[in-house]
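Here is the structure we will look at, set down as structure tokens.
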Amino acid sequence: MKSNLGIAIFVGWMTQLGLSTLLPTIAIVVGRAVSMAGGGDGRWGDHAADPQQEGWHLVQAVILLGSVIAAWLAGYLAPRKLTISATGLILLVLLAKAFEQLPIRHSASVVIEWVLSPCLGIVAGAMMARLTFRKESTS
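This is the structure:
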């Protein structure tokens, strides 16, 4: 399979953007359902943009998960240029973060978590792709 680096980065970026929208929504709905099943009032996750609420860290975790999937997919599409595709994805994510709204009640640690969660997810996804494709090439 001939790899096209531009397409791999574009597909990875669109995957990361799509999953960073879809997965937090699913996580909040599931978290709210679990809260209501446990006798809560159903307001869990109402303020997921507020770092002092429990839903915010869950949102950051699923954004990290979406970034892992996106980087793995980019690595699948361009396995020989994995480092370049991961670097391109990180740069595009940082560019997108420059235009996002900062979390409510932000502090230095909150901004660091907010910026680094997708970047760390991309690094982890690239490492997983490298391990996956190394095993396939030796088999």
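Residues in the sequence shown are numbered from 70 upward in steps of one, following our numbering. The beta carbon of each residue, even a glycine, is placed where N, CA and C say it ideally should be. Fair warning: this is a prediction, and the values are worked out from it, not measured in the lab.
Of the residues the options, which one's Cα is nearest the Cα of residue i?
i, options, result
"A77", "F168, R174, M197, A155", "A155"
"A195", "S176, A140, A106", "A140"
"A198", "E123, P148, G75", "P148"
"L88", "I173, L164, V131", "V131"
"M83", "T94, P172, A165, Q121", "A165"
"T90", "E182, M105, E169", "E169"
"Y145", "F202, L86, G75", "F202"
"V126", "G107, P93, L86, G157", "Looking at the sequence shown, residue 126 is not Val but His. Ranking the options by Cα distance to H126, first place goes to P93."
"L74", "D119, L158, S176, E182", "L158"
Can you round the beta-carbon distance between residue i and residue j to whole angstroms, since I take them to be within the 8 Å contact cut?
i, j, result
"V80", "A143", "7 Å"
"Q179", "P172", "Just to set this straight, residue 179 is Val in the shown sequence, not Gln. Indeed they touch by this definition, with Cβ atoms about 5 Å apart."
Looking at the ligand GDP, does it come within less than 7 Å of residue i, judged from the CB to the closest heavy atom?
i, result
"A117", "Within the structure as shown, the ligand GDP is missing, as the structure has no ligands at all."
Three CB pairs or more closer than 8 Å across the segment 181-197 and the segment 130-140 | In short, these stretches touch, since the Cβ pair count reaches three.
Beta strand (DSSP E) runs contained entirely in the segment 98-157, provided each spans 3 or more residues | Taking only runs of at least 3 residues, no beta strand (DSSP E) segment lies wholly in the segment 98-157.
Inter-stretch contact (C-beta, 8 Å, three-pair minimum) for the segment 152-168 and the segment 96-112 | Touching, no, given that fewer than three Cβ pairs across the two stretches are closer than 8 Å.
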